[in-house]
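Novice:
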DNA sequence: GCCACGGATGAAACTTACTTTCAGAGAGGT
DNA sequence: ACCTCTCTGAAAGTAAGTTTCATCCGTGGC
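Written as structure tokens, this is what we have:
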């Protein structure tokens with residue numbers, strides 16, 4: 001029963017901790033307790049025996065084993081070793097920087113800046129680490145051969161969708177971003193085989209986006225999901241799943257690190273598509289750049 | 001050969017492999033066989049069970065345990081996780097990260113991903129490093145005390161503007177983002193003392209944005225510029241200048257790293273404003289999060 | 001409101017891995 | 001030749017990890 005039928009963007013080779021935190025919401029409560037312990041202090045978890053860890057998570061050994069399987073490990077010893085390895089590789093963050101956690105109430109701006117930058121940068125790095133080039137390749141191919149590309153996203157993810165749309169458009173690809181559900185549904189209904197629909201949702205649970213993607217799929221379009229959680233509902237209606245690796249800080253409804261991670265993936269896909277047809281893409285970029293030239297002031301004397 | 005039963009204190013943290021190879025000659029033949037296997041491939045040894053390793057070394061489990069004790073470990077599991085950790089640390093990724101520069105024409109997706117992520121992450125980090133907390137503080141104060149906040153940006157910077165607008169709105173601040181020059185000008189004309197106008201432009205030369213910011217300033221509003229170039233035209237019409245530190249790669253018209261850097265600054269300002277009024281901001285976020293709750297599918301729970 | 005179903009969970013049975021014990025083999029030393 | 005001391009693996013013993021299964025609880029159908 002340990003089969004992953006879906007093409008997923010998670011490397012089995014690295015970023016186990018990231019992988020686990022992405023899976024966290026899709027796990028059962030007891031397994032989540034185990035997962036949180038593991039993510040919080042991998043090195044410590046590696047030192048514990050299964051009984052020890054089970055007790056710490058207030059559950060049974062059986063659940064710990066289930067957790068191991070859920071995250072793709074064969075058994076507890078395997079998990080232990082991987083955790084030890086990951087923890088060793090991990091660079092300890094500079095003291096003042098609060099990792100993934102809360103920003104302390106009394107923090108001054110300098111601290112806030114350091115924390116945000118640290119988390120944002122890490123989200124970008126970890127996302128890239130666990131991105132599967134093979135899946136990206138397939139998505140790039142699909143976009144490249146598509147007659148039309150539809151991109152859906154709500155709220156913060158909507159800006160990401162628009163950004164992607166704009167980028168594709170600038171290199172001469174027909175792409176649309178629909179921030180409105182009704183328009184999106186209408187558009188999705190007109191998609192067909194060979195077209196591509198991309199749904200962006202950090203949580204993977206935004207029903208509007210899921211619904212539209214499903215519609216697109218029913219019409220025969222190739223569907224792509226971009227989400228932080230590899231087992232969230234959106235992945236069920238997607239042919240290809242690309243995952244981000246952001247652990248949101250406080251104000252998580254504010255979607256900070258997650259959208260940077262999404263944009264990084266967008267960049268990768270964009271450059272991938274552009275690279276498929278270098279000269280044409282470059283020319284298109286030059287032409288569009290020229291077009292806005294008259295809207296620029298002075299010669300942009302760039303120092304810095 | 002007087003075998004030392006007591007092993008001199010080893011560093012808990014590192015150099016186990018070196019330590020072992022140093023002890024090698026002083027070990028008994030059977031233990032040496034074990035030791036050589038371990039030194040030759042620590043990662044592989046960590047993967048084996050004690051029986052497995054014993055067989056590979058053509059000896060018994062008992063000898064492996066003796067070996068563990070000889071090198072100062074409590075037992076085999078302890079040795080295993082230490083080996084895994086050391087092996088992981090040892091394999092420092094030499095990396096094919098193309099620093100700053102262009103993406104080579106023949107690059108495959110993996111290279112592209114690594115390059116983009118590296119540059120994106122660096123832009124975020126370097127931006128945070130050179131951000132002046134004092135200036136941020138003043139900007140945060142201005143926004144905090146503002147009756148109304150207008151945010152201007154074109155193209156890619158327009159999405160950043162909208163993102164910021166949305167964030168401020170979610171914590172109960174009156175903010176507007178104007179992607180259209182005419183609407184923006186109209187809005188700017190209605191600003192007054194105490195209001196804040198923020199202009200976002202990577203190059204700092206987007207005439208639409210500069211113009212609008214100038215208008216806002218003429219009306220008495222406090223003006224803020226967010227740009228990558230500290231001496232660009234936009235800084236001349238701004239009371240406060242916040243700079244990003246993105247060095248764009250190819251396809252720079254595609255604005256990749258720059259918008260991540262901009263978003264990082266937006267995050268900092270946003271959290272800064274939210275931190276000024278913690279409880280109120282948090283409540284607002286909760287309320288807004290609740291509002292979209294019905295637009296979510298399932299609890300992201302899924303077993304398979 | 002009741003029942004059927006299915007997933008989540010821990011107790012206990014079970015298996016495998018690890019550790020200890022012990023006796024035999026072999027290398028000096030006397 | 002005999003002692004003795006270390007090295008060694010077989011086997012017994014213990015702890016760790018894994019599987020099975022009965023129970024519980026929430027969900028959705030009638």
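Protein chains in written order, with the UniProt record's numbering: chain A, 1 to 304; chain B, 1 to 304. Heads up, the beta-carbon is just placed ideally off N, CA and C, and yes, glycines get one too. For clarity, every value in this text was computed on a predicted model and none was experimentally measured.
(1) Which two residues bound the contiguous beta strand (DSSP E) that contains residue 319(B)?
(2) Considering only residues of the same chain and omitting the five flanking positions on each side of residue 33(A), which have a CB-CB separation below 7 Å?
(3) Please report how far the alpha carbon of residue 156(A) lies from the alpha carbon of residue 237(A), in whole angstroms.
(4) Can you name the residues of chain A whose CB is closer than 7 Å to the CB of residue 159(B)?
(5) According to DSSP, residue 296(B) sits in a beta bridge with which residue or residues?
(6) Using 10 angstroms around the beta-carbon of residue 101(B), count the other beta-carbons present and answer buried if the total reaches 16, otherwise exposed.
(7) Check whether the Cβ atoms of residue 116(B) and residue 136(A) sit closer than 9 Å, and answer yes or no.
(8) Mind checking who residue 153(A) pairs with in its DSSP beta bridge?
(9) Please name the residue in 197(A), 83(A) and 30(A) whose C-alpha comes closest to that of residue 176(A).
(10) Quick one: what's got a C-beta closer than 6 Å to residue 97(B)'s C-beta in the same chain, skipping five residues either side?
(11) Please confirm if residue 74(B) has its CB atom under 9 Å from at least one CB of chain A.
(12) Would you mind working out which of 162(A), 188(A) and 191(A) sits nearest residue 179(B), comparing C-alpha positions?
(13) Apart from the five residues just before and just after residue 170(B), which ones in its own chain have a Cβ nearer than 7 Å to its Cβ?
(14) Quick one, which of 259(B), 282(B), 294(B) and 277(B) has its alpha-carbon nearest residue 120(A)'s?
(15) Please name the residue, chosen from 83(B), 72(B) and 62(B), that lies closest to residue 17(B) on a Cα-to-Cα basis.
(16) Please classify residue 167(A) as buried or exposed, where buried requires at least 16 other C-beta atoms within 10 Å of its C-beta.
(17) Express the C-alpha separation of residue 225(B) and residue 188(B) in angstroms, rounding to a whole number.
(18) Along the chain, where does the beta strand (DSSP E) containing residue 242(A) start, and where does it finish?
(19) Can you say whether residue 54(A) is buried or exposed, counting buried as having 16 or more other CB atoms within 10 angstroms of its CB?
(20) Using a C-beta to C-beta distance shorter than 7 Å, which residues of chain A count as neighbours of residue 279(B)?
(21) Between the region 138–154 of chain A and the region 190–206 of chain A, are three or more C-beta pairs nearer than 8 Å?
(22) Measuring only the C-alpha atoms, how far is residue 66(A) from residue 41(A)?
(23) Just the C-alpha distance for residue 128(B) and residue 38(B), rounded to the nearest angstrom, thanks.
(24) Within 9 Å of any Cβ in chain B, is that where the Cβ of residue 207(A) sits?
(25) Would you kindly work out how many angstroms separate the C-alpha atoms of residue 86(B) and residue 49(A), rounded to a whole number?
(26) Mapping DSSP to helix, strand and coil, what is residue 175(A)?
(27) Buried or exposed: where does residue 29(A) fall if 16 or more other Cβ atoms within 10 Å of its Cβ makes it buried?
(28) What is the DSSP secondary structure of residue 277(A), counted as helix, strand or coil?
(29) I need the boundaries of the alpha helix (DSSP H) containing residue 126(A), first residue and last residue.
(30) Could you tell me whether the Cβ of residue 297(B) comes closer than 9 Å to any Cβ of chain A?
(31) Check whether the Cβ of residue 268(A) sits closer than 8 Å to any heavy atom of the ligand FAD, and report yes or no.
(32) Counting only beta-carbon atoms, is residue 239(B) nearer than 9 Å to chain A?
(33) Could you have a look at residue 230(A) and say whether DSSP puts it in helix, strand or coil?
(34) Which bits of chain A does residue 133(B) rub up against, with CB to CB less than 8 Å?
(35) In this structure, how does DSSP classify residue 41(B) when only helix, strand and coil are distinguished?
(36) Report the CB separation of residue 112(B) from residue 275(A) in whole angstroms; it is logged as a contact under 8 Å.
Specialist: Quick answer:
(1) Because chain B is modelled from 1 through 304, residue 319(B) falls outside the range shown and cannot be assessed.
(2) 57, 58 and 59.
(3) In this structure, the CA atom of residue 156(A) is about 21 Å from the CA atom of residue 237(A).
(4) 159, 162 and 163
(5) 206(A)
(6) Its pLDDT being 49, under 50, residue 101(B) is placed unreliably by the model, and the measurement read from it follows with that caveat. Label assigned to residue 101(B): exposed.
(7) Cβ distance not < 9 Å, so residue 116(B) and residue 136(A) don't count as in contact.
(8) 200(A)
(9) The shortest C-alpha separation from residue 176(A) is found at 197(A).
(10) Its pLDDT being 45, under 50, residue 97(B) is placed unreliably by the model, and the measurement read from it follows with that caveat. Excluding residues within five positions, the ones whose Cβ falls inside 6 Å are 114 and 118.
(11) no
(12) 162(A)
(13) Counting only Cβ-Cβ distances below 7 Å, and skipping sequence neighbours, we find 284, 285 and 288.
(14) 259(B)
(15) 83(B)
(16) Label assigned to residue 167(A): buried.
(17) Between residue 188(B) and residue 225(B), the C-alpha separation is close to 15 Å.
(18) 240–243
(19) buried
(20) Per Cβ cutoff of 7 Å: no residues; residue 279(B) is ~10 Å from chain A at best.
(21) Contact holds between the region 138–154 of chain A and the region 190–206 of chain A, because three or more Cβ pairs, one in each stretch, are under 8 Å apart.
(22) 19 Å
(23) 44 Å
(24) yes
(25) 20 Å
(26) In this structure, residue 175(A) counts as strand in the three-state DSSP scheme.
(27) exposed
(28) coil
(29) The continuous alpha helix (DSSP H) containing residue 126(A) extends over residues 109–130.
(30) yes
(31) In terms of ligand content, the structure shown is empty, and the ligand FAD therefore cannot be addressed.
(32) It does not; no Cβ of chain A falls within 9 Å.
(33) Under the three-state reduction of DSSP output, residue 230(A) falls in the coil class, being neither helix nor strand.
(34) The contacting residues are 108, 109, 110 and 113.
(35) Correct three-state label for residue 41(B): coil.
(36) The beta carbons of residue 112(B) and residue 275(A) sit about 7 Å from each other, so the pair counts as a contact at 8 Å.
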